[in-house]
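> Dropping a structure here in structure tokens format, bear with me for questions.
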Amino acid sequence: MNRDHAVVIGGSLTGLLAARILSGHFARVTLVERDRYPAGAAFRPGIPQSRHLHVLWTRGLRLLEELFPGLEKTLLTAGAVEIGVPSDVLWLTAAGWRTRFEVTRMLTFSRPLLDWALRSRLPGDAPCLDVLEGHEVVDLVPRGRDVAGVALRSGETIAADLVVDATGRGSRAPEWLTALGYPAPPETLVDPLLGYASRFYAIPDGFDPGWKALYLQADPPERRRTGGLFPQEGGRWICSLSGAGGDYGPTDEEEFLAFAKGLRDPVLYEAIRAAEPLGPIRGFRRTANHRRHYERLPAWPRGFVVMGDAACAFNPIYGQGMSVAAISAVALDRCLREDRDDLERRFQKRASRSAAGAWLVATGEDLRYRETVAAPTRLSTRLINAYVDRVVAAANVDRRVCAGLLDVLALTSAPASLFSPGVLARVAANTVRPASPPGR
Ligand SMILES: Cc1cc2nc3c(=O)[nH]c(=O)nc-3n(C[C@H](O)[C@H](O)[C@H](O)COP(=O)(O)OP(=O)(O)OC[C@H]3O[C@@H](n4cnc5c(N)ncnc54)[C@H](O)[C@@H]3O)c2cc1C
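Residue numbers (the numbering used here): 1364 to 1803.
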């Protein structure tokens, strides 16, 4: 493959990471984004999910920091809040309250702040990058059955040796592939029918109840509501309420408060009831786990790859999408470093492997709901979930199990690590003689 010019379609998190990686391998990189970027850390229509709680787990932050050294400092300077997890979090799990051990730390900030921080670094960290804002890609430019560039809505075309589709859930890659004569990829859908409703609040002056964040989880299948209240830059909280099984978080003022009151503990309701709302309540329902198995296609065009939510999108409640995007950006870098011909297929296979652990966690949980739209649940999933229930109960009272579980959620360890002899022994001990979980 020539490495003169690469084009990235879509300039959200995946697209920005892809552009950063490609700039180390191509003479020129063009990122085409449909929106015009706002001047600062502000909302834009192309990423409507950015009005909702975004948690960046350890692995994602670590990888982003490697790709954009100094990012954490930029975020902290802009007001991101550092919290201990779970030491600063009142965390109600399906098995009760989690002991507030000091296990790891996390930065909390708004999604627009993260995107702005990355964007503002790109000219320096990727000097060969050209950003084409306000342009929409409507098609691929074919060369036989391969890809030779992109066609814009304006009628222009851009030639490229490699095109990266980072257009998110709405990706048209399946249609583009079939137009080139390839089959559409097989797809897996696990839809828990979950909807978010979110609102910002000013953190009341002098508010100091001994916690910095709240995370009140559902307890499937019956209790389907989750609430998160996290601090962000600008002295505000983001409150995201979500409900699975069609019990969507409501955007009506009174219903929102009633929904919060109906969580498994009133602590979140009590906090927001007394706080000043900053703006309206926003809803979001496009949350299904949706995987397009590009790695399974028997043939694949040269000059084209698909990344991020466009290939595999998760129910966002587990907070994995951005970290998986970062892991697959590193996979793209590795594939480009290898001196082999079949870059595109190697990448699709690696990207699929990068998403596998997160997929297992998200879908395993979502299959607990009776309403979830999916293929029938396998016995193995039910058995694993029964074991995970015990892990969660043990993690509430045993710091080492808690650390192991957080490593899996944060994507620093594979889900299989929960079956290591050390964890199995501690989970068994807690099952035989359960320690009572702490109160709030
Ligand atoms: C409610 C909600 C909450 C979430 N919470 C978390 C969380 O806590 N933690 C986490 O890690 N992840 C979370 N996610 C997932 C996270 O938002 C995504 O994984 C992340 O944004 C990466 O997506 P992406 O860049 O692949 O696609 P997107 O973010 O969807 O971006 C696609 C981009 O492509 C552009 N575009 C689309 N079509 C075209 C076109 N034809 N031409 C040019 N440009 C185009 C769009 O304007 C947009 O900028 C959440 C998602 C949702 C929905």
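Every residue gets a Cβ at the ideal spot worked out from N, C-alpha and C, and that includes glycine.
#1: Going straight from the alpha carbon of residue 1658 to that of residue 1707, what length do you get?
#2: With DSSP as the reference, identify every bridge partner of residue 1512, one or two as the case may be.
#3: Name the DSSP beta bridge partners of residue 1460, please?
#4: Please report the Cβ distance between residue 1792 and residue 1423, rounded to the nearest whole angstrom; I am assuming they are in contact, meaning their Cβ atoms lie under 8 Å.
#5: Considering Cα atoms alone, identify which of 1636, 1549, 1567 is closest to residue 1661.
#6: DSSP has residue 1469 in a bridge; who is on the other side?
#7: If you draw a straight line from the C-alpha of residue 1684 to the C-alpha of residue 1584, how long is it?
#8: Quick check on residue 1413: buried or exposed, where buried means 16 or more other Cβ atoms within 10 Å of its Cβ?
#9: Specify, as a first and last residue, the run of the beta strand (DSSP E) that residue 1602 falls within.
#10: Under 6 Å Cβ to Cβ from residue 1766, same chain only, skipping five residues before and after it: list those, please.
#11: Ligand 1 heavy atoms versus the CB of residue 1418: any closer than 7 Å?
#12: For the stretch 1474 to 1488 and the stretch 1395 to 1407, state whether three or more C-beta atom pairs, one from each stretch, are separated by less than 8 Å.
#13: Between residue 1413 and chain B, is the shortest Cβ-Cβ distance under 8 Å, so that the two count as touching?
#14: Quick one: what does DSSP say residue 1564 is sitting in, helix, strand or coil?
#15: Taking the alpha-carbon of residue 1525 as reference, which of 1612, 1595, 1393 has the nearest alpha-carbon?
#16: Helix, strand or coil for residue 1726? Go by DSSP, reduced to three states.
#17: So the candidates are 1514, 1581, 1497; which of them puts its Cα closest to the Cα of residue 1503?
#18: Starting from the Cα of residue 1625, find the closest Cα among 1605, 1387, 1654, 1573 and give me that residue.
#19: My assumption, with CB atoms under 8 Å, is that residue 1453 sits in contact with residue 1630. Please give the rounded CB distance.
#20: What beta strand (DSSP E) runs, 3 residues minimum, are completely inside the stretch 1619 to 1696?
With the structure as the only source:
#1: Residue mapping note: residue 1658 aligns to position 295 of the sequence shown, counting from 1. Residue mapping note: residue 1707 aligns to position 344 of the sequence shown, counting from 1. Spanning the two alpha carbons is a distance of roughly 10 Å.
#2: Within the sequence shown, numbered from 1, the residue matching residue 1512 stands at position 149. As a beta-bridge residue in DSSP terms, residue 1512 pairs with 1504, 1522.
#3: Counting from one through the sequence shown, the residue named residue 1460 turns up at place 97. According to DSSP, residue 1460 bridges with 1455.
#4: For the purposes of this step, residue 1792 is taken as residue 429 along the sequence shown, with counting starting at 1. For the purposes of this step, residue 1423 is taken as residue 60 along the sequence shown, with counting starting at 1. Going by Cβ atoms, the distance from residue 1792 to residue 1423 rounds to 32 Å, so no, they are not a contact pair.
#5: As a first step, residue 1661 is located in the sequence shown; it is residue number 298 there, counting from the start. Its Cα nearest to that of residue 1661, the residue 1549 stands out among 1636, 1549, 1567.
#6: Indexing the sequence shown from 1 puts residue 1469 at position 106. Beta-bridge pairing links residue 1469 to 1446.
#7: Translated into the one-based positions of the sequence shown, residue 1684 becomes position 321. Translated into the one-based positions of the sequence shown, residue 1584 becomes position 221. Looking at the two C-alpha atoms, the distance is approximately 24 Å.
#8: As a working note, residue 1413 is residue 50 in the sequence shown. So residue 1413 ends up on the buried side.
#9: The residue given as residue 1602 occupies position 239 in the sequence shown. Per DSSP, residue 1602 belongs to the beta strand (DSSP E) from 1599 to 1606.
#10: Here residue 1766 corresponds to residue number 403 of the sequence shown, with the count starting at 1. The beta carbon of residue 1766 lies closer than 6 Å to those of 1466 in the same chain, with the five residues before and after it left out.
#11: Within the sequence shown, residue 1418 is the residue found at index 55, counting from 1. The answer is yes for residue 1418.
#12: yes
#13: This model lacks chain B altogether, as it is built from one protein chain only.
#14: What you label residue 1564 is simply residue 201 of the sequence shown in a count that begins at 1. Looking at residue 1564 - three-state DSSP - the assignment turns out to be strand.
#15: Locating residue 1525 in the sequence shown gives position 162, where the first residue counts as 1. For residue 1525, the closest alpha carbon among the candidates 1612, 1595, 1393 is that of 1393.
#16: For the purposes of this step, residue 1726 is taken as residue 363 along the sequence shown, with counting starting at 1. Residue 1726: helix per DSSP, three-state reduction.
#17: Numbered from 1 along the sequence shown, position 140 holds the residue referred to as residue 1503. It is 1514 whose Cα lies nearest to the Cα of residue 1503.
#18: On the sequence shown, residue 1625 is found 262 positions in, with the first residue counted as 1. Considering only alpha carbons, the answer is 1605.
#19: Start at 1 with the first residue of the sequence shown, and residue 1453 comes out as number 90. Start at 1 with the first residue of the sequence shown, and residue 1630 comes out as number 267. About 6 Å; that satisfies the 8 Å criterion.
#20: Listed in chain order, they are 1639 to 1647, 1652 to 1655, 1667 to 1669.
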